[in-house]
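**Q**
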Amino acid sequence: MENKRNIWLDADPGIDDAVAFAMAFANRDRLNICGLSSVAGNQTSERVTGNALKLTVFLGAEDVPVVQGAVLPLLREIVPAGDIHGKSGLGYCELPSVEKKPAAENGILFLRDTILGLPEGEKMTLVPTGPLTNIALLLKTFPEVRERIDEIVLMGGSGAGGNVTATAEFNIWADPEAAQIVFGAGLPIVMCGLDVTQQCILTREQILGLYQSDKTVQHAYGEMLRFYLDSPSYKGSDGAAIHDAVTVLYLLHPRLFAGKRMHVEVDCSEGLNRGMTVCDMRRSQLQKPGDVLVLNQVDLPAFQKIVLDTLASYDAVSE
Ligand code: BDR
Ligand code: CA
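For the sequence shown, the working numbering assigns the number 41 to the initial residue and increments by one for each residue that follows.
Next up, the structure:
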């Protein structure tokens with residue numbers, strides 16, 4: 041049997057972060073989910089940490105340790121995305137409150153200890169789906185973890201055009217300095233940016249189908265995702281992009297995706313292009329060490345089927 045891959049989720053849940061969790065927790069036969077850290081982004085640290093705790097319990101993964109990471113970006117102010125994810129961060133969905141508490145006081149230290157505590161020869165894949173604050177802090181505070189990191193499969197950035205500004209994607213824009221530290225670290229990175237994630241939509245019909253379901257998990261996700269359809273970004277559109285789920289689906293089904301290797305730098309200025317990922321696509325600059333695999337294609341019907349089937353699998357178990 042193939043060895044399970046050790047992964048660490050780092051997120052700001054967040055509606056699509058919650059979908060990414062559902063994809064991961066349903067595949068624990070293939071993924072060894074070592075823990076989950078929260079990072080301020082879509083909502084305040086307090087709210088996203090609460091959501092992470094609730095989601096692990098809701099999805100039957102109560103044993104996955106949750107820790108609170110950075111409360112603020114490295115240098116910038118926090119600007120939550122309440123218009124896209126709602127006041128709680130989970131759209132119209134209200135999950136029951138839980139007794140579960142964060143597994144440690146200091147999330148970054150806990151992550152470092154978890155990585156270094158892996159059995160000899162094993163490595164960790166980091167899966168960040170929020171601003172890169174925690175990962176930057178980890179790499180700068182504990183550089184000894186570098187050699188135990190297999191790959192960073194992140195949602196963030198764009199090779200062409202942004203969603204929070206004309207040129208920047210939200211996660212990178214929210215903490216550009218952290219993103220530059222991570223992209224500049226020389227570690228293997230897969231960038232699931234807008235080039236691919238904006239293709240990865242669930243249609244309005246599919247979302248409303250979830251909402252109308254009388255099954256617990258599918259209905260809850262319908263309540264989350266329906267909020268997207270009412271948000272300024274998606275009002276009147278045929279569906280909504282499920283950005284963060286791409287990271288986990290890439291890990292599980294890499295053949296559904298295609299991309300190109302290139303050098304990526306982050307614009308850390310205060311100007312028009314703050315948070316832009318500058319992707320160098322010049323042929324002469326391709327294939328250098330430290331390059332990032334920038335995904336840009338997906339098999340959309342397969343993506344949609346896996347997301348919907350996986351959400352349905354939770355309700356099949358609880359029936
Ligand atoms: C990213 O921004 C957040 O609002 C989403 O959760 C996703 O991680 C998309 O730009
Ligand atoms: Ca996110």
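Think of the CB as a built atom: it goes at the ideal place given N, C-alpha and C, for glycine as much as any other residue.
1) Check whether the segment 304 to 317 and the segment 247 to 261 are in contact - that is, three or more C-beta pairs closer than 8 Å.
2) Could you check whether the Cβ of Phe65 sits closer than 7 Å to any heavy atom belonging to ligand 1?
3) Provide the residue span of the beta strand (DSSP E) that contains Val107, from first to last.
4) Rounded to a whole number of angstroms, what is the C-alpha to C-alpha distance between Leu291 and Asp57?
5) Under the criterion of a Cβ to heavy atom distance below 7 Å, does Gly126 qualify as lining ligand 1?
6) Please list the terminal residues of the continuous alpha helix (DSSP H) segment that includes Asn211.
7) So is Arg266 buried or exposed if we call it buried at 16+ other beta carbons inside 10 Å?
8) May I ask you to list the residues that DSSP assigns as paired with Arg301?
9) Pick from Arg152, Trp213, Ala208: whose alpha carbon is nearest that of Ile189?
10) Just to check my reading of the structure: Leu49 and Leu95 have Cβ atoms closer than 8 Å, yes? What is that Cβ distance to the nearest angstrom?
11) On the three-pair Cβ rule with 8 Å, is the segment 123 to 135 touching the segment 154 to 162?
12) Note down, in chain order, each residue of its chain lying with its Cβ closer than 7 Å to the Cβ of Phe343, except the 5 sequence neighbours on either side.
13) Is it buried or exposed, Ser353, if we count other Cβ atoms within 10 angstroms and call 16 or more buried?
14) Would you call Thr243 buried or exposed, if buried means 16 or more other Cβ atoms sit within 10 Å of its Cβ?
15) Using CA atoms only, rank isn't needed, just tell me which of Glu102, Ala260, Gly199 is closest to Glu209.
16) Could you have a look at Ile241 and say whether DSSP puts it in helix, strand or coil?
17) Compare the Cα-Cα distances from Val347 to each of Tyr261, Cys319, Val304 and report the closest residue.
18) Could you tell me if Glu184 is buried or exposed, where buried requires 16 or more neighbouring beta carbons within 10 angstroms of its beta carbon?
19) Identify, in the order they occur along the chain, each residue of the same chain with its Cβ nearer than 7 Å to the Cβ of Cys319, setting aside the five sequence neighbours on each side.
20) Only counting the same chain, and skipping five residues up and downstream in sequence, which positions put a Cβ closer than 8 Å to that of Arg70?
21) So for Ser353, helix, strand or coil by DSSP?
22) For Gln337, count the other beta carbons within 10 Å of its own beta carbon; 16 or more makes it buried, fewer makes it exposed. Which is it?
23) Less than 7 Å separating the Cβ of Asn91 from some heavy atom of ligand 1?
24) Skipping 5 residues on each side, what residues in its chain have a beta carbon closer than 6 Å to that of Glu191?
25) Leaving out five residues before and five after Ile155 in sequence, what residues of the same chain have Cβ atoms less than 6 Å from its Cβ?
26) In whole angstroms, give me the CA-to-CA distance for Ile55 and Ser277.
**A** Let me spell this out:
1) The segment 304 to 317, when compared against the segment 247 to 261, does not touch it at the 8 Å Cβ threshold.
2) Walking along the sequence shown from the start, residue 65 turns up at place 25. Every heavy atom of ligand 1 is 7 Å or more from the Cβ of Phe65, so no.
3) Your numbering for residue 107 matches position 67 in the sequence shown. In the DSSP assignment, Val107 falls within the beta strand (DSSP E) that extends over 106 to 108.
4) Position 251 of the sequence shown, counting from 1, holds the residue named residue 291. Position 17 of the sequence shown, counting from 1, holds the residue named residue 57. C-alpha of Leu291 to C-alpha of Asp57: approximately 15 Å in a straight line.
5) Here residue 126 is taken as the residue at index 86 of the sequence shown, counted from 1. No, the beta carbon of Gly126 sits no closer than 7 Å to any heavy atom of ligand 1.
6) Looking up residue 211 in the sequence shown gives position 171. 210 to 214 is the extent of the alpha helix (DSSP H) around Asn211.
7) Translated into the one-based positions of the sequence shown, residue 266 becomes position 226. Looking at its Cβ environment, which holds 16 or more other Cβ atoms inside 10 Å, Arg266 is buried.
8) Walking along the sequence shown from the start, residue 301 turns up at place 261. Looking at the DSSP assignment, Arg301 forms a beta bridge with Leu333.
9) For the purposes of this step, residue 189 is identified with residue 149 of the sequence shown, where counting begins at 1. Looking at the Cα atoms, Arg152 is the closest of the given residues.
10) Counting from one through the sequence shown, the residue named residue 49 turns up at place 9. Counting from one through the sequence shown, the residue named residue 95 turns up at place 55. In fact, because the Cβ distance is near 10 Å, the residues do not count as touching under 8 Å.
11) Taking 8 Å as the limit for Cβ pairs, the verdict is that the segment 154 to 162 does not touch the segment 123 to 135.
12) Counting from 1 along the sequence shown, the entry for residue 343 is found at position 303. Cβ neighbours of Phe343 beyond the five flanking positions: Cys240, Leu289, Leu296.
13) Counted from its first residue, the sequence shown places residue 353 at position 313. With fewer than 16 neighbouring CB atoms inside 10 Å of its own CB, Ser353 falls in the exposed class.
14) As a first step, residue 243 must be located in the sequence shown, where it is residue number 203. Exposed.
15) Against the sequence shown, residue 209 aligns to sequence position 169. Here the closest residue by C-alpha is Gly199.
16) The count along the sequence shown starts at 1 and reaches residue 241 at position 201. Judged by DSSP in its simplified three-state form, Ile241 adopts strand.
17) The count along the sequence shown starts at 1 and reaches residue 347 at position 307. The option with the nearest alpha carbon to Val347 is Tyr261.
18) Along the sequence shown, read from residue 1 onward, the residue named residue 184 stands at position 144. So Glu184 ends up on the exposed side.
19) Position 279 of the sequence shown, counting from 1, holds the residue named residue 319. Result list for Cys319: Gly199, Met302, Val304, Val334, in chain order.
20) Translated into positions along the sequence shown, residue 70 becomes position 30. Around Arg70: Glu42, Lys44, Arg45, Leu292.
21) Residue mapping note: residue 353 aligns to position 313 of the sequence shown, counting from 1. Note: Ser353 maps to helix in three-state DSSP.
22) Mapped onto the sequence shown, residue 337 falls at position 297. If you draw a 10 Å sphere on the C-beta of Gln337, you find fewer than 16 other C-beta atoms in it, and that means exposed.
23) Along the sequence shown, read from residue 1 onward, the residue named residue 91 stands at position 51. No, Cβ of Asn91 sits at least 7 Å from all heavy atoms of ligand 1.
24) Here the question's residue 191 lines up with position 151 in the sequence shown. The answer, listed in chain order, is Thr165, Pro228.
25) One-based indexing of the sequence shown puts residue 155 at position 115. The answer, listed in chain order, is Met164, Val185, Arg188.
26) In the sequence shown, the residue the question calls residue 55 occupies position 15. In the sequence shown, the residue the question calls residue 277 occupies position 237. Near 18 Å, if we compare the C-alpha coordinates of Ser277 and Ile55.
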